[in-house]
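The structure appears below as structure tokens.
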Amino acid sequence: MIELLNSARCTGCNICVRVCPTNVFAVVPGQPPAIARQHDCQTCFMCELYCPEDALFVAPLADACQPADDAASTQPRHAGSYRAAIGWGSGRTSTAAQDGSHALLGLVRR
Numbered sequence: 001m002i003e004l005l006n007s008a009r010c011t012g013c014n015i016c017v018r019v020c021p022t023n024v025f026a027v028v029p030g031q032p033p034a035i036a037r038q039h040d041c042q043t044c045f046m047c048e049l050y051c052p053e054d055a056l057f058v059a060p061l062a063d064a065c066q067p068a069d070d071a072a073s074t075q076p077r078h079a080g081s082y083r084a085a086i087g088w089g090s091g092r093t094s095t096a097a098q099d100g101s102h103a104l105l106g107l108v109r110r
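Numbering follows our numbering, in which position 90 of the sequence shown is assigned residue number 90; successive positions increment by one, without gaps.
The structure is reproduced here in structure tokens:
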């Protein structure tokens, strides 16, 4: 589920609004988008993947969210971590070659 939007990192590009398949976000003129319908989030990670600023944090297990390293911050330290893990973004290396899930197809076809 979409957990946090780091307004300090967000540039207001509204890409997350456009890519969200369940219309979770609301455009707020002159400000970062609002998480308006959090209960509609399907944890698809599209918003976090497409956010060029790593300003979003989607958590399949919200209880696992850990606070930031900076004790004064309320943002989790892993905003954009899914995007980084798969290698999306400038200066990152794709991890697609490490994905072994294609081997499962071979098991099904046998």
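Backbone N, C-alpha and C fix where the C-beta goes; we use that ideal spot for every residue, glycine too.
- Message: Three Cβ pairs or more, each shorter than 8 Å: is that satisfied between the segment 17–35 and the segment 76–93?
- Response: no
- Task: Can you tell me which of PRO52, THR11, ALA36, LEU104 puts its alpha carbon nearest to the alpha carbon of ILE2?
- Result: ALA36
- Query: So what does DSSP say about VAL28, is it helix, strand or coil?
  - Reply: Coil, per DSSP.
- For LEU105, does the count of other Cβ atoms within 10 angstroms reach 16, so buried, or fall short, so exposed? Result: exposed.
- Query: Just checking my contact of CYS47 with VAL19 at CB under 8 Å: how many whole Å lie between their CB atoms?
  - Reply: Beta-carbon to beta-carbon, CYS47 and VAL19 are separated by about 6 Å, close enough to satisfy the 8 Å threshold.
- Message: Buried or exposed, going by whether 16 or more other CB atoms sit within 10 Å of the CB of LEU56?
- Response: buried
- Measure the C-alpha to C-alpha separation of SER90 and ALA59 and round it to an integer number of angstroms. 23 Å
- Using only alpha-carbon positions, find the residue among GLN38, ASP54, GLY100 that is nearest to ALA8. ASP54
- Query: According to DSSP, which residues form a beta bridge with ILE35?
  - Reply: PHE25
- Round the Cβ separation of ALA34 and PHE45 to the nearest angstrom and send it over; I've been treating them as touching at under 8 Å. Contact flag wrong, Cβ pair sits at about 19 Å.
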